[in-house]
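Participant: Below is the structure I would like to discuss, written out as structure tokens.
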Amino acid sequence: MKNICELQKLHLHAQRIFYLIPLLFLYAILLPNQLLLMADMDETEAVRVFGLAQEYLLLLELWFQYLGVRFLLSPELREVSCCGSVVRKPVWMFSNLLVSYGAFLPYGICLWAKSGRYAGNVPVLFFQCFVMAVLLLFAAMLLKSPLGGAALMAGYYFLCMTHGVPQTAGLLSTGRLPQDFEKQWYVIQIFAAAVSIAAVNCMEKTRYGNLQV
Amino acid sequence: MVIEIKELTKKYGRKEVLRGISLQLETDTYGLAGPNGAGKTTLLRLLANVQKPSRGEIFFDEESMRSGRSNGSACLNCFVNRNRFAGKTVEVGYLPQKFGCFPELTVYEQMKYFACLKGVEPRKQNGEILRLLEAVHLEEKAETKCRKLSGGMVRRLGIAQALFGTPRLLLLDEPTVGLDPEERNHFNEIIRRLEGRLTIVLSTHLIEDVRNLCGRLIVMDSGRVLMAGELEQITEAARGRVYEVTKAELEKLEGPFLVRNSVRKSGTELFRVILLGENREMENHRPCEAEIEDGYLALLKGKEAMNEKYL
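These protein sequences, in sequence, are chains A and B. Numbering-wise, the working numbering comes out as the position in the first sequence, counting from 1, plus 341. With the working numbering, the residue at position 192 of the second sequence is 185, and numbering never jumps.
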């Protein structure tokens, strides 16, 4: 665990600029505007604000997870980082998730404090970040390329955002209040995440991602 | 440490890259030579546990790398996602053919990255990194960004990372490719300092590296081991078959042979030829002293000569 922390410190230090710029946008531009909007919002506006927050946060999560996966699975270092490595990929993914939760938490709290009865959307948002993280790692390992995985997930993200997939199958559904999400939607999300983690574990054990292409 | 490779086979789809290789490696420096596609890199990857074999097993001190079972006894511990089995850690250092760094990291940070991956305790990392950087003469570059390193320095950094945790098996895949003579000397010096302490397997196209560094050579071709032995044994394959002949003599030469190179002696161009096939010798000529390159080529091309009339 200590090694994961050390590795995470290195990772954040090496790619700090890629983290700071989007976070600057989130806290300096997006959040103040949303807080202004929320001052006296009606339901339609609340849905719009949460929709926007979800879209941006999910995109940011996709980017942060890509940075994390790239750090561990970069093509130049893949072979050497697989020889005798004690760092397991799902564990690394969870540590990246914690980092992004840490980065998003103040934003989530601000939104929560202002949103009153729509506060339930904040945990839903964090849950979707988790699903995004798991799917990206799975896609990156499946394609044996962090960039390929991120591109695939970006494609899926835009399909979801433009309602190109049915809402129940759209794992990254946005613009809905928590009470509007059916049980079926949660079941599908959890199922997709569980299957992806199992597949990642399996690929790791069979050295699937270690092959050079 | 004794590493025993038994009937190791690796397939990519239908293509068989390694075909039932059996070898025994002891504490020594082994050269692994062969043409492109011989299976050298695949063999190293299997030894480094970066890939899994399709068939066959590798035993480290009689314990299987694949299943964790002792040679011939029941399986107790499964080999999991690291080079760890039967409660022990097999320290394997591996420098792959394509070794790169994160350009954004400094040399020290890059080493810290590897230390974290290999599970070196954080409190021991600093000392270990400095020791290894000193061993590969990169201590002065510790704060330099990796993007500013020369190709040779990157290779040395690769060796340093492979030496984390004092490995007992060091696998180097074409470590001297693209190095200038000075860098090559640095590399040779590093390897010589390690000799006798661990098993080193060095894959290379350059027989010069083998002569300089290795006690034994494994010659591979088409996924098979043609011969494995001490350098003298490899040289033996060409003994009595190497001749220096003039161009006129060369044109008259019959049977399968191989021209290794040509030299100019006293104004005459002489061709160094290796006669291939069964019981070959030249009349009215004294054979030259065979070298390791001659033995290597005789082994590689001798097999082909059985099928082809002339080379």
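By construction, the Cβ of each residue, glycine as well, lies at the ideal position given by its N, Cα and C atoms. Being a predicted model, the structure only gives us computed values, none of them experimental.
(1) Whose CA, out of B:VAL194, B:CYS207, B:THR239, lies closest to the CA of B:THR16?
(2) Using a Cβ cut-off of 8 angstroms (strictly closer), state whether A:SER426 contacts chain B.
(3) Using only the alpha-carbon positions, how far apart do B:GLY32 and B:ARG217 sit?
(4) Tell me the rounded alpha-carbon separation between B:LYS81 and B:GLU56.
(5) Is A:LEU381 helix, strand or coil when you go by DSSP?
(6) Buried or exposed: where does B:MET104 fall if 16 or more other Cβ atoms within 10 Å of its Cβ makes it buried?
(7) To the nearest angstrom, how far is it from the Cα of B:ASN76 to the Cα of A:LEU361?
(8) Under 7 angstroms, CB to CB, which of the residues in the region 39 to 50 of chain B have a partner in chain A?
(9) Since B:MET213 is in the beta strand (DSSP E), which residue starts that stretch and which ends it?
(10) Please determine whether the Cβ atom of A:SER486 lies at a distance below 7 angstroms from any heavy atom of the ligand FAD.
(11) B:PHE305 CB to nearest chain A CB: under 8 angstroms?
(12) Taking A:GLN356 as the query, report the chain B residues whose CB atoms sit under 8 angstroms from its CB, ordered along the chain.
(13) Start and end of the alpha helix (DSSP H) containing B:ILE152?
(14) Given that B:LYS134 touches chain A, what residues does it touch there, using C-beta distances under 8 angstroms?
(15) For A:VAL421, decide whether its Cβ has a neighbour in chain B, counting only Cβ atoms nearer than 8 angstroms.
(16) Any idea if A:ASN374 is buried or exposed, counting beta-carbon neighbours within 10 angstroms, 16 or more meaning buried?
(17) Using a Cβ-Cβ cutoff of less than 7 angstroms, which residues in the same chain neighbour B:TYR289 once the five nearest sequence positions on both sides are dropped?
(18) Which value, in whole angstroms, describes the spacing of the CA atoms of B:GLU355 and B:PHE53?
(19) What does B:GLY112 touch in chain A if you count any residue whose Cβ is under 9 angstroms from its own?
(20) Which of the three DSSP states, helix, strand or coil, is assigned to A:PHE445?
(21) Compare the beta carbon distance of B:LEU237 and B:LEU263 with 8 angstroms and say whether it is the shorter of the two.
(22) Cα separation between B:PHE250 and B:GLU244?
(23) Just how far apart, CA to CA, sit B:ARG161 and B:GLU(-3)?
(24) Would you please verify whether the beta carbon of B:PRO115 is less than 8 angstroms from any beta carbon of chain A?
(25) In terms of alpha-carbon separation, which member of A:VAL432, A:TYR442, A:LEU399, A:GLY490 lies closest to A:ARG411?
(26) If you drop the 5 nearest sequence neighbours on each side, which residues of the same chain put their C-beta closer than 8 angstroms to that of B:GLY295?
(27) For the candidate residues B:GLU286, B:LEU163, B:ASN178, whose alpha-carbon lies nearest to that of B:LEU40?
(28) Nearest chain B C-beta to A:GLU347 closer than 8 angstroms, yes or no?
(29) When burial is assigned at 16 or more other CB atoms within 10 Å of the CB, is A:ASP381 buried or exposed?
(30) Can you tell me whether DSSP reads A:PHE391 as helix, strand or coil?
(31) Taking Cβ positions, are B:ARG310 and B:TYR23 nearer each other than 8 angstroms?
(32) Pick out whichever of A:LEU512, A:SER537, A:LEU500 has its Cα sitting closest to the Cα of A:GLN525.
(33) When you compare the CB of A:THR503 with every CB in chain B, is at least one pair closer than 8 angstroms?
(34) With DSSP as the reference, label B:THR99 as helix, strand or coil.
(35) For A:ALA454, collect the residues of the same chain with a Cβ closer than 7 angstroms to its Cβ; drop the 5 residues on either side in sequence, then sort them by chain order.
(36) Roughly how many angstroms lie between the CA atoms of A:PRO363 and A:THR547, to the nearest whole one?
Facilitator: The short version:
(1) The residue labelled residue 16 of chain B in the question sits at position 23 within the second sequence. It should be pointed out that residue 16 of chain B corresponds to Leu in this sequence rather than to Thr. Cα-wise, what sits closest to B:LEU16 is B:VAL194.
(2) Here residue 426 of chain A corresponds to residue number 85 of the first sequence, with the count starting at 1. Answer yes: the Cβ-Cβ gap between A:SER426 and chain B drops below 8 angstroms somewhere.
(3) Stepping through the second sequence from its first residue, residue 32 of chain B is reached at position 39. Stepping through the second sequence from its first residue, residue 217 of chain B is reached at position 224. Computed Cα separation, rounded: 8 angstroms.
(4) Working through the second sequence from its first residue, we reach residue 81 of chain B at position 88. Working through the second sequence from its first residue, we reach residue 56 of chain B at position 63. In this prediction, B:LYS81 scores a pLDDT of 43, lower than 50, which makes its location untrustworthy; no coordinate-derived value is stated.
(5) Here the question's residue 381 of chain A lines up with position 40 in the first sequence. Checking the displayed sequence, the identity of residue 381 of chain A turns out to be Asp instead of Leu. Residue state, collapsed to three classes: coil.
(6) Here residue 104 of chain B is taken as the residue at index 111 of the second sequence, counted from 1. Per the 10 Å Cβ criterion, buried.
(7) Sequence index remark: in the second sequence, residue 76 of chain B carries index 83 (1-based). Sequence index remark: in the first sequence, residue 361 of chain A carries index 20 (1-based). Low local confidence applies: a pLDDT of 43 at B:ASN76 is under 50, so the model's placement there is unreliable, and no value is given.
(8) ALA41, ASN42, VAL43, GLN44, LYS45
(9) Numbered from 1 along the second sequence, position 220 holds the residue referred to as residue 213 of chain B. Element bounds for B:MET213: 209 to 214.
(10) Of the ligands one can find in the structure shown there are none, so the ligand FAD has no counterpart to examine.
(11) As displayed, chain B neither begins before -6 nor continues past 304, which places residue 305 of chain B out of reach and without an answer.
(12) On the first sequence, residue 356 of chain A is found 15 positions in, with the first residue counted as 1. Result: GLU97.
(13) The count along the second sequence starts at 1 and reaches residue 152 of chain B at position 159. That run of the alpha helix (DSSP H) goes 144 to 155.
(14) For the purposes of this step, residue 134 of chain B is identified with residue 141 of the second sequence, where counting begins at 1. Those do not exist, as B:LYS134 stays about 17 angstroms from chain A at its closest Cβ, beyond 8 angstroms.
(15) Counting from 1 along the first sequence, the entry for residue 421 of chain A is found at position 80. Yes, because at least one Cβ of chain B sits closer than 8 angstroms to the Cβ of A:VAL421.
(16) Locating residue 374 of chain A in the first sequence gives position 33, where the first residue counts as 1. That one is exposed.
(17) The count along the second sequence starts at 1 and reaches residue 289 of chain B at position 296. If we look at B:TYR289 and ignore the five residues flanking it on each side, its Cβ neighbours are ALA26, ILE200, VAL212, ILE227.
(18) Nothing about residue 355 of chain B can be read from this structure; chain B reaches only from -6 to 304.
(19) Reading the second sequence from its first residue, position 119 is the one you call residue 112 of chain B. In chain order: ASN344, GLY425, SER426, VAL427, VAL428.
(20) The residue given as residue 445 of chain A occupies position 104 in the first sequence. In this structure, A:PHE445 counts as helix in the three-state DSSP scheme.
(21) Indexing the second sequence from 1 puts residue 237 of chain B at position 244. Indexing the second sequence from 1 puts residue 263 of chain B at position 270. Sequence inspection shows Glu at residue 237 of chain B; the Leu mentioned does not correspond to that position. Going by C-beta atoms, B:GLU237 is nearer than 8 angstroms to B:LEU263.
(22) What you label residue 250 of chain B is simply residue 257 of the second sequence in a count that begins at 1. What you label residue 244 of chain B is simply residue 251 of the second sequence in a count that begins at 1. The alpha-carbon atoms of B:PHE250 and B:GLU244 are separated by roughly 11 angstroms.
(23) Counted from its first residue, the second sequence places residue 161 of chain B at position 168. Counted from its first residue, the second sequence places residue -3 of chain B at position 4. Spanning the two alpha carbons is a distance of roughly 14 angstroms.
(24) In the second sequence, residue 115 of chain B corresponds to position 122, counting from 1. It does; some Cβ of chain A falls within 8 angstroms.
(25) As a position in the first sequence, residue 411 of chain A is number 70, starting the count at 1. Taking only the C-alpha atoms, the option nearest A:ARG411 is A:GLY490.
(26) Position 302 of the second sequence, counted from the start, is the residue given in the question as residue 295 of chain B. Closer than 8 angstroms at the Cβ level, and outside the excluded window around B:GLY295, lie ALA230, LEU269, GLY270.
(27) As a working mapping, residue 40 of chain B is identified with position 47 in the second sequence. Measuring from the Cα of B:LEU40, the nearest candidate turns out to be B:LEU163.
(28) If you number the first sequence from 1, residue 347 of chain A lands on position 6. Yes, A:GLU347 lies at the interface with chain B (some Cβ there is under 8 angstroms from its Cβ).
(29) In the first sequence, the residue the question calls residue 381 of chain A occupies position 40. Burial call: exposed.
(30) For this step, residue 391 of chain A is matched to residue 50 along the first sequence. It is helical.
(31) In the structure as shown, chain B begins at -6 and stops at 304. Residue 310 of chain B is therefore absent and cannot be evaluated.
(32) If you number the first sequence from 1, residue 525 of chain A lands on position 184. The shortest C-alpha separation from A:GLN525 is found at A:LEU512.
(33) In the first sequence, the residue the question calls residue 503 of chain A occupies position 162. For A:THR503, the answer is no, since every Cβ of chain B falls outside 8 angstroms of its Cβ.
(34) For this step, residue 99 of chain B is matched to residue 106 along the second sequence. Residue state, collapsed to three classes: strand.
(35) Taking the first residue of the first sequence as position 1, residue 454 of chain A is located at position 113. Correct list: empty, nothing qualifies.
(36) Within the first sequence, the letter at position 22 stands for residue 363 of chain A. Within the first sequence, the letter at position 206 stands for residue 547 of chain A. Computed Cα separation, rounded: 36 angstroms.
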